[in-house]
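Trainee:
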Amino acid sequence: MSELLRAEHLTRHFKIGGALSRRTLHAVDDVNFTIGEREIVALAGESGSGKSTTARVLARIYAPTSGEIYFEGKPVSALRSRSDRLRYSGLVPMVFQDPFGSMNPVFRVQHGVLRSLKLHRPELSGQQRQEEAARVFDVVGLGADMLERFPFELSGGQRQRVGFAQALAMRPQLILADEPVSMLDVSIRIGLLNLMAELRDTMGVSVLYITHDIASARYVADRLIVMYAGQIAETGPIEEVLASPRHPYTQLLVSAVPDPRAPLSVAAGTDRGEPPKVIDPSPGCRFRWRCPLAIDTCAQVTPMLTELQPDHQAACHVAQAQPAGAEPVQAFS
Amino acid sequence: MSEAHEILEVSGLSVDYVLDRGDVRAVDDVSFTLNRGEFLGIVGESGCGKSTLLFAVAQLLAPPAQVAAGSVRFEGTNLVGLTDKQLSAIRWRDMSVVMQSAMNALNPVKSIGAQFKDAMKAHGKPSKEEIQARSAEVLRMVGIDPVHLKSYPHQLSGGMRQRSMIAMAMLFTPDLIIMDEPTSALDVVAQRSLMVQIKELQLSYGFAVIFVTHDMSLISHFSDRLMVMYAGQVDEFGATRTVFDRPLHPYTQGLLEAFPSIRGPKVPLKGIPGSPPDLARLPSGCRFHPRCPHAIDKCGQLTPELAELDAALVRCLRRQDGSLPLEAGQEGSLSR
Numbered sequence: 470m471s472e473l474l475r476a477e478h479l480t481r482h483f484k485i486g487g488a489l490s491r492r493t494l495h496a497v498d499d500v501n502f503t504i505g506e507r508e509i510v511a512l513a514g515e516s517g518s519g520k521s522t523t524a525r526v527l528a529r530i531y532a533p534t535s536g537e538i539y540f541e542g543k544p545v546s547a548l549r550s551r552s553d554r555l556r557y558s559g560l561v562p563m564v565f566q567d568p569f570g571s572m573n574p575v576f577r578v579q580h581g582v583l584r585s586l587k588l589h590r591p592e593l594s595g596q597q598r599q600e601e602a603a604r605v606f607d608v609v610g611l612g613a614d615m616l617e618r619f620p621f622e623l624s625g626g627q628r629q630r631v632g633f634a635q636a637l638a639m640r641p642q643l644i645l646a647d648e649p650v651s652m653l654d655v656s657i658r659i660g661l662l663n664l665m666a667e668l669r670d671t672m673g674v675s676v677l678y679i680t681h682d683i684a685s686a687r688y689v690a691d692r693l694i695v696m697y698a699g700q701i702a703e704t705g706p707i708e709e710v711l712a713s714p715r716h717p718y719t720q721l722l723v724s725a726v727p728d729p730r731a732p733l734s735v736a737a738g739t740d741r742g743e744p745p746k747v748i749d750p751s752p753g754c755r756f757r758w759r760c761p762l763a764i765d766t767c768a769q770v771t772p773m774l775t776e777l778q779p780d781h782q783a784a785c786h787v788a789q790a791q792p793a794g795a796e797p798v799q800a801f802s
Numbered sequence: 041m042s043e044a045h046e047i048l049e050v051s052g053l054s055v056d057y058v059l060d061r062g063d064v065r066a067v068d069d070v071s072f073t074l075n076r077g078e079f080l081g082i083v084g085e086s087g088c089g090k091s092t093l094l095f096a097v098a099q100l101l102a103p104p105a106q107v108a109a110g111s112v113r114f115e116g117t118n119l120v121g122l123t124d125k126q127l128s129a130i131r132w133r134d135m136s137v138v139m140q141s142a143m144n145a146l147n148p149v150k151s152i153g154a155q156f157k158d159a160m161k162a163h164g165k166p167s168k169e170e171i172q173a174r175s176a177e178v179l180r181m182v183g184i185d186p187v188h189l190k191s192y193p194h195q196l197s198g199g200m201r202q203r204s205m206i207a208m209a210m211l212f213t214p215d216l217i218i219m220d221e222p223t224s225a226l227d228v229v230a231q232r233s234l235m236v237q238i239k240e241l242q243l244s245y246g247f248a249v250i251f252v253t254h255d256m257s258l259i260s261h262f263s264d265r266l267m268v269m270y271a272g273q274v275d276e277f278g279a280t281r282t283v284f285d286r287p288l289h290p291y292t293q294g295l296l297e298a299f300p301s302i303r304g305p306k307v308p309l310k311g312i313p314g315s316p317p318d319l320a321r322l323p324s325g326c327r328f329h330p331r332c333p334h335a336i337d338k339c340g341q342l343t344p345e346l347a348e349l350d351a352a353l354v355r356c357l358r359r360q361d362g363s364l365p366l367e368a369g370q371e372g373s374l375s376r
């Protein structure tokens with residue numbers, strides 16, 4: 470699989486407090502990953518773990534504090550001209566979480582699609598734009614009659630499909646989908662997950678699927694990146710990571726998924742913690758306050774992402790200290 | 041359980057939205073009873089009347105919605121038709137409600153403590169010390185440090201806001217707490233810990249819970265009985281385990297097959313095609329038949345009744361006449 474996008478030491482800090490405050494919030498801290506062609510990568514973590522900030526940096530909504538994004542091998546920070554930058558945002562569009570807040574209620578739903586076509590594909594005539602809008606609506610499973618509707622006439626699932634149609638109109642290579650299904654009913658989530666898989670299989674579009682729901686990530690994604698407090702905790706092929714999660718945080722996420730087939734686990738409920746706000750962090754593992762396995766080293770040395778099995782990396786001192794091939798220690802099960 | 045343990049009896053409850061273009065029935069002839077300390081789950085998609093039902097039980101309906109028929113007997117009193125003044129004696133004290141979005145339900149410009157104080161002052165004349173002591177106590181019950189009484193809603197995380205709403209609902213240790221999707225704005229980990237906490241509190245304080253959600257998997261371990269609603273009606277009602285292990289209504293099966301699993305083989309899922317009907321233009325016959333994979337001609341012609349079948353209540357013609365045998369349509373269910 471050839472590489473489409475690579476993030477190297479990607480970092481985004483925010484200054485917080487008043488004008489004189491020197492405190493900084495480390496939303497994303499030294500994150501490295503790649504996204505291949507025709508690949509769905511799930512980026513998972515709790516609220517506040519930095520997943521949305523990562524997507525926004527990739528979409529160039531925020532400039533990175535440091536680090537670099539390489540798209541098709543070329544650094545994104547070197548895109549200076551308006552046409553280069555437009556091309557990039559057309560190739561890497563974003564679909565937002567809230568289908569109720571991301572559409573202008575006073576325009577028909579075709580408005581957004583037509584506008585982005587006008588901006589990103591100026592060579593098309595008005596007639597061609599209409600045809601193209603009808604085509605992308607068809608791809609996402611909406612009838613052409615939907616083009617004329619107003620957002621309030623559409624259900625949440627249909628609005629989110631409009632979001633994908635809008636992204637598709639720009640002939641993207643990578644769609645950044647920021648929790649696209651979390652505000653929808655469970656019964657319609659599957660339809661959108663299937664749509665993402667279909668876009669990958671038939672059109673070769675890659676997707677960065679941001680979610681806190683590991684079960685839906687497993688359903689569509691090829692690879693999983695787990696973020697915690699701005700850093701990557703674990704990454705690897707999704708089936709392998711979920712079959713034997715090495716980082717205690719991944720184990721927590723896996724144990725939190727409601728599974729009617731399994732008996733209720735008590736350990737899953739004992740976690741009452743929340744991800745820390747990473748303000749001017751000192752060294753050490755950021756998960757150590759919630760981690761039942763934490764050892765002294767965890768409070769002193771920041772764990773680095775290390776390969777434990779081929780292509781499967783985790784940033785955990787305890788997991789790294791284990792002999793190769795040993796059964797992973799379970800923190801939450 | 042004996043009659044004496046029953047705290048809520050809803051019978052034949054119907055709610056109409058009175059609109060210019062005609063009345064729309066959002067809740068249609070719903071009956072159930074709730075025992076002391078029981079956990080009842082109500083599931084269904086958006087627009088199935090779950091929230092309207094809750095609002096009717098709590099008598100919080102505002103025009104154009106109004107109770108068209110039926111009664112809500114709470115501890116012997118029919119709440120339908122009571123005045124606001126009569127209701128306010130019961131609200132908070134005996135029955136409280138936790139709304140879906142704590143972000144909108146809490147007052148953003150008042151500290152948590154001030155909002156607790158308001159609720160307590162509305163029911164009597166507690167002293168400053170009593171208010172302080174009780175507020176701190178309920179916050180501790182939900183696992184929040186009482187220093188947060190001084191905090192404003194924006195200073196708390198989503199999970200903490202939702203937990204402080206539950207703390208507020210417990211100020212008077214009511215007999216019934218009604219919860220309208222209290223976890224839907226939370227991520228999976230916070231959701232799980234909140235569910236476990238609700239269950240623990242329920243076991244230690246013995247209040248009954250009515251819990252509405254669209255995510256069946258969420259309440260599988262927590263509710264005693266499960267009611268599945270579709271288009272304003274009850275489609276299936278039974279003990280939670282029974283419904284999960286052997287869903288009878290095709291809609292229940294659809295809901296159960298809508299969420300992917302974290303374990304086991306990866307199977308392609310379809311969800312439920314289509315969306316719930318417009319309540320103003322209901323399909324003929326069974327309301328689910330246009331989306332039902334097992335529908336036959338008569339489903340579009342005859343209207344099914346809710347009837348007892350195999351320890352559960354189900355509204356499905358084909359189940360009731362046996363043309364859809366119990367084994368059929370269970371391939372994807374959880375009984376494997």
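So the protein lines, in turn, are chains A and B. The first sequence begins at 470 in the numbering used here and counts up by one. The second sequence begins at 41 in the numbering used here and counts up by one. Note that the Cβ used here is the ideal one computed from N, Cα and C, for glycine as well.
Of all the beta strand (DSSP E) runs that stay within the bounds of the stretch 481 to 538 of chain A, which reach a length of 3 or more residues?
Mentor: 493 to 505 and 509 to 513
Trainee: Can the beta-carbon of residue 702 of chain A be found closer than 8 Å to that of residue 695 of chain A?
Mentor: In the first sequence, residue 702 of chain A corresponds to position 233, counting from 1. In the first sequence, residue 695 of chain A corresponds to position 226, counting from 1. In contact: residue 702 of chain A and residue 695 of chain A (Cβ atoms closer than 8 Å).
Trainee: Entirely within the stretch 138 to 214 of chain B and at least 4 residues each: give me those alpha helix (DSSP H) ranges in chain order.
Mentor: 142 to 145, 152 to 161, 168 to 181 and 198 to 209
Trainee: State the start and end residues of the unbroken beta strand (DSSP E) segment that holds residue 124 of chain B.
Mentor: Here residue 124 of chain B refers to the residue found at position 84 of the second sequence. Counting along the chain, residue 124 of chain B falls outside any beta strand (DSSP E), though it belongs to the alpha helix (DSSP H) covering 124 to 130.
Trainee: Would you check if the stretch 599 to 612 of chain A and the stretch 632 to 641 of chain A touch, i.e. whether three or more CB-CB distances between them fall below 8 Å?
Mentor: yes
Trainee: Are three or more beta carbon pairs between the stretch 190 to 207 of chain B and the stretch 229 to 239 of chain B nearer than 8 Å?
Mentor: Contact check between the stretch 190 to 207 of chain B and the stretch 229 to 239 of chain B: three or more CB pairs, one atom from each, fall below 8 Å, which counts as touching.
Trainee: If we cut at 8 Å on Cβ distances, does residue 768 of chain A have a partner in chain B?
Mentor: Taking the first residue of the first sequence as 1, we reach residue 768 of chain A at position 299. No, no contact with chain B.
Trainee: Under 8 Å, do residue 471 of chain A and residue 515 of chain A count as touching if we go by C-beta distance?
Mentor: The count along the first sequence starts at 1 and reaches residue 471 of chain A at position 2. The count along the first sequence starts at 1 and reaches residue 515 of chain A at position 46. Result no, Cβ atoms of residue 471 of chain A and residue 515 of chain A do not sit closer than 8 Å.
Trainee: Who pairs with residue 83 of chain B in a beta bridge, going by DSSP?
Mentor: Taking the first residue of the second sequence as 1, we reach residue 83 of chain B at position 43. Note: residue 83 of chain B sits in a beta bridge opposite B/253 and B/268.
Trainee: Look at residue 678 of chain A and residue 511 of chain A and say whether their C-beta atoms are less than 8 Å apart.
Mentor: Along the first sequence, read from residue 1 onward, the residue named residue 678 of chain A stands at position 209. Along the first sequence, read from residue 1 onward, the residue named residue 511 of chain A stands at position 42. Result yes, Cβ atoms of residue 678 of chain A and residue 511 of chain A sit closer than 8 Å.
Trainee: Hey, quick one: how far does the beta strand (DSSP E) through residue 278 of chain B stretch, first residue to last?
Mentor: The residue labelled residue 278 of chain B in the question sits at position 238 within the second sequence. Taken as a continuous stretch (DSSP letters only), the beta strand (DSSP E) holding residue 278 of chain B covers 273 to 279.
Trainee: In chain order, what are the residue ranges of uninterrupted alpha helix (DSSP H) at least 4 long that sit wholly in the stretch 618 to 685 of chain A?
Mentor: 625 to 637 and 655 to 667
Trainee: If the cut-off is 9 Å on Cβ atoms, which residues from the stretch 207 to 230 of chain B count as contacting chain A, listed in chain order?
Mentor: 224, 225, 226, 227, 228, 229 and 230
Trainee: Where do the N-terminal and C-terminal ends of the alpha helix (DSSP H) with residue 238 of chain B fall, by residue?
Mentor: Reading the second sequence from its first residue, position 198 is the one you call residue 238 of chain B. First-last of the alpha helix (DSSP H) with residue 238 of chain B: 228 to 245.
Trainee: Does DSSP put residue 52 of chain B in a helix, in a strand, or in coil?
Mentor: On the second sequence, residue 52 of chain B is found 12 positions in, with the first residue counted as 1. Reduced to three states, the DSSP call for residue 52 of chain B is strand.
Trainee: Where does residue 90 of chain B land, buried or exposed, given buried means 16+ other C-beta within 10 angstroms?
Mentor: The count along the second sequence starts at 1 and reaches residue 90 of chain B at position 50. Per the 10 Å Cβ criterion, buried.
Trainee: Grab the span of the alpha helix (DSSP H) containing residue 93 of chain B for me, first residue to last.
Mentor: Within the second sequence, the letter at position 53 stands for residue 93 of chain B. Run containing residue 93 of chain B: 90 to 97, per the alpha helix (DSSP H) assignment.
Trainee: Do the stretch 213 to 228 of chain B and the stretch 138 to 153 of chain B make contact, defined as three or more Cβ pairs closer than 8 Å?
Mentor: yes
Trainee: Counting only C-beta atoms, is residue 356 of chain B closer than 8 Å to chain A at any point?
Mentor: Locating residue 356 of chain B in the second sequence gives position 316, where the first residue counts as 1. False, the Cβ-Cβ gap to chain A never drops below 8 Å.
Trainee: For a minimum of 4 consecutive residues, which ranges assigned as the alpha helix (DSSP H) are wholly contained in the stretch 543 to 574 of chain A?
Mentor: 551 to 560
Trainee: Mind checking who residue 72 of chain B pairs with in its DSSP beta bridge?
Mentor: Taking the second sequence and counting its residues from 1, one reaches residue 72 of chain B at position 32. The partner list for residue 72 of chain B (beta bridge, DSSP) reads B/50.
Trainee: Check residue 608 of chain A in the structure and name its three-state DSSP category.
Mentor: Reading the first sequence from its first residue, position 139 is the one you call residue 608 of chain A. Of the three classes helix, strand and coil, the one that applies to residue 608 of chain A here is helix, per DSSP.
Trainee: Tell me whether residue 290 of chain B sits in a helix, a strand or coil according to DSSP, three-state version.
Mentor: As a working mapping, residue 290 of chain B is identified with position 250 in the second sequence. The answer is helix: DSSP assigns residue 290 of chain B an H, G or I state.
Trainee: Assign residue 350 of chain B to one of three DSSP states: helix, strand, or coil.
Mentor: The sequence position of residue 350 of chain B within the second sequence is 310, counting from 1. In this structure, residue 350 of chain B counts as coil in the three-state DSSP scheme.
Trainee: Does residue 244 of chain B pass the burial test, meaning 16 or more other C-beta atoms within 10 Å, or should it be called exposed?
Mentor: As a first step, residue 244 of chain B must be located in the second sequence, where it is residue number 204. Residue burial is scored here from C-beta neighbours: residue 244 of chain B has fewer than 16 other C-beta atoms within 10 angstroms and is therefore classed as exposed.
Trainee: For a contact meaning CB atoms closer than 8 Å, what does residue 302 of chain B contact in chain A?
Mentor: Within the second sequence, numbered from 1, the residue matching residue 302 of chain B stands at position 262. Within chain A, the residues near residue 302 of chain B are 683, 684, 687, 711, 723, 726 and 728.
Trainee: Please decide whether residue 624 of chain A counts as near chain B, where near means a Cβ-Cβ distance under 8 Å.
Mentor: Residue 624 of chain A sits at position 155 when you count from the first residue of the first sequence. Chain B places a beta carbon closer than 8 Å to that of residue 624 of chain A, counting this residue as a contact.
Trainee: Going by Cα to Cα distance, which pick from A/494, A/477, A/779 and A/544 is closest to residue 536 of chain A?
Mentor: By 1-based counting over the first sequence, the position of residue 536 of chain A is 67. Closest by alpha carbon: A/477.
Trainee: State the Cα-Cα distance for the pair residue 88 of chain B and residue 589 of chain A, rounded to the nearest angstrom.
Mentor: The sequence position of residue 88 of chain B within the second sequence is 48, counting from 1. The sequence position of residue 589 of chain A within the first sequence is 120, counting from 1. Their Cα atoms are separated by approximately 41 Å.
Trainee: With H, G and I counted as helix, E and B as strand and the rest as coil, what does DSSP make of residue 717 of chain A?
Mentor: Position 248 of the first sequence, counted from the start, is the residue given in the question as residue 717 of chain A. Helix.
Trainee: On the criterion of 16 or more Cβ atoms from any shown chain inside 10 Å, does residue 596 of chain A qualify as buried, or is it exposed?
Mentor: Indexing the first sequence from 1 puts residue 596 of chain A at position 127. Exposed is the call here.
Trainee: In three-state terms, what does DSSP make of residue 752 of chain A?
Mentor: Reading the first sequence from its first residue, position 283 is the one you call residue 752 of chain A. Coil, per DSSP.
Trainee: CA-CA distance, residue 735 of chain A and residue 263 of chain B?
Mentor: As a first step, residue 735 of chain A is located in the first sequence; it is residue number 266 there, counting from the start. As a first step, residue 263 of chain B is located in the second sequence; it is residue number 223 there, counting from the start. Reliability of the predicted coordinates at residue 735 of chain A is poor, the pLDDT of 49 falling under 50, and no value is obtained from them.
Trainee: In chain order, what residues of the same chain have a beta carbon less than 7 Å from the beta carbon of residue 475 of chain A, not counting five sequence neighbours either side?
Mentor: Along the first sequence, one-based indexing puts residue 475 of chain A at 6. Excluding positions up to five away in sequence, the list reads 503 and 539.
Trainee: Given a limit of 8 Å on CB to CB distance, which residues of the stretch 654 to 670 of chain A reach chain B?
Mentor: In summary, the residues of the stretch 654 to 670 of chain A whose CB is separated from some CB of chain B by less than 8 Å are 654, 655, 656, 657, 658, 659, 660, 662 and 663, in the order they occur in the chain.
Trainee: Could one say the Cβ of residue 264 of chain B lies closer than 8 Å to chain A's Cβ atoms, at least one of them?
Mentor: Translated into the one-based positions of the second sequence, residue 264 of chain B becomes position 224. No, because no Cβ of chain A sits closer than 8 Å to the Cβ of residue 264 of chain B.
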